[in-house]
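Written out below as structure tokens is the structure these notes cover.
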Amino acid sequence: MTLLIGSLQLGFIYGILALGVYITFRILNVPDLTAEGSFTCGVAISAVLTMAGHPWLGMVLAAAGGAAAGICTGLLQTKAGIHPILSGILTMSGLYSINLLIMGSSSNLTLLGSDTAFQLLIDRLGMNKEAVRALLSLVLCAGCTAVLSWFFKTHTGLCIRATGDNEDMVRASSINVETTKILALAIGNGCIALSGGILAQYQGFADINSGVGILVVGLASVIIGEAIWGRRSVTIGLISAVVGSVIYRYMIAAALRTDIFPSYFLKLISACIVAIALSLPELKRRRELSAMKKRGKKHAGH
């Protein structure tokens, strides 16, 4: 039961990460590798401010730090003309030093003895610890999903969506493509960093390597969600990314619970899940093509 509840809680927390990856990967249609750096940035900022007695401010500034990282990547792409993948790598590399600076040159911090947002709610509501963790994670994730769903229906949000669909058409419509790209990257990385900030308080510590492989987690969540609902509206896409995150956490928990794989196989299992999920559309296309050829031969025989 503890494993089931814990996976649900982590599913909601990483669901916010999935929202950020969905924005850059699907809506903006740009491969952004900033995620590993911005996630750790959120972890670091949230941990430091929680230790200083400001856990809620830590979450807010974690999102702001991630947004700043996204802006940096966007400026490298649009103003410096650097390839999107290289821009993300450069920002991610630079963030490693910045994150260490935020953490006071320490590779890890413990929040033992500090009041996290979860602990403050537990003390105030007097509820079960796991129930409060699940409730706060759900509320934050649902809130982010609702706000993003509303935002992408506004004029600015529609401009971002149009930029991802057809950049040349948007540019011909006198919309500033560079601004929309920078804004989308800022929002996406803000969500990713917020996820890291919540996770730091949830697990009670911060580590400089928290973001290693985190992009795979976000991609897995997005792809698994799309495998269930398909690629429809933005609102459905955002919701499916969160649901995909929850399913992904249960898949990981089930794989590790069987004792077939040791715990250090987590990254390999994650990579395999993403590879399988990404290959599903191509496998489906090939199966349909094969079925069409068989029908064609059958009709030709008659």
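So the number in the working numbering is just where the residue sits in the sequence shown, counting from 1, plus 131.
C-beta: ideal position from N, C-alpha, C; glycine also.
Owing to the predicted nature of the structure, the values given are computational and were not obtained by experimental measurement.
Alpha-carbon to alpha-carbon, residue j and residue i
i       : j       : result
Ser-224 : Asn-230 : 10 Å
Thr-222 : Phe-170 : 12 Å
Arg-426 : Ile-359 : 28 Å
Leu-217 : Tyr-227 : 16 Å
Ile-154 : Ile-176 : 23 Å
Ile-355 : Ala-315 : 22 Å
Lys-429 : Arg-416 : 20 Å
Phe-392 : Phe-336 : 26 Å
Leu-409 : Val-179 : 37 Å
Glu-357 : Ala-372 : 7 Å
Leu-252 : Leu-266 : 10 Å
Leu-243 : Leu-134 : 22 Å
Terminal residues of the alpha helix (DSSP H) in which residue i lies
i       : result
Phe-336 : Looking at the DSSP string, Phe-336 is not in any alpha helix (DSSP H); the run it does join, the beta strand (DSSP E), is 336-338.
Thr-287 : 286-296
Leu-139 : 133-153
Ser-268 : 260-282
Tyr-381 : 365-388
Residues of its chain near residue i, where Cβ-Cβ distance is below 6 Å and the 5 sequence neighbours each way are ignored
i       : result
Thr-247 : Thr-181, Pro-186 and Gln-332
Gly-342 : Glu-167, Phe-170 and Thr-171
Val-161 : Thr-155 and Pro-215
Own chain, CB closer than 8 Å to residue i, minus 5 neighbours either side, in chain order
i       : result
Ala-422 : none
Gly-184 : Ser-245 and Asp-246
Where residue i sits in the DSSP three-state scheme
i       : result
Asn-239 : strand
His-430 : helix
Pro-162 : coil
Ile-407 : helix
Ser-305 : coil
Pro-412 : helix
Ile-391 : coil
Proximity test, residue i beta-carbon vs the ligand ADP heavy atom, cut-off 7 Å
i       : result
Gln-208 : No copy of the ligand ADP appears in this structure; indeed no ligand is present at all.
Cut-off 7 Å between Cβ atoms - residues of its own chain near residue i, not counting five sequence neighbours on either side
i       : result
Val-347 : Ser-401, Ala-402 and Val-405
Gln-208 : Pro-215, Ser-218 and Lys-312
**OP:** May I have a chain-ordered list of the alpha helix (DSSP H) segments no shorter than 4 residues that lie completely inside the region 179-257?
**Re:** As far as the region 179-257 is concerned, its whole alpha helix (DSSP H) runs of at least 4 residues are 186-209, 215-233 and 248-256.
**OP:** Identify every run of the alpha helix (DSSP H) within the region 308-365, keeping only runs that are complete inside it and at least 4 residues long; order them along the chain.
**Re:** For the region 308-365, the continuous alpha helix (DSSP H) assignments of 4+ residues that do not extend past its boundaries occur at 308-334 and 345-360, in sequence order.
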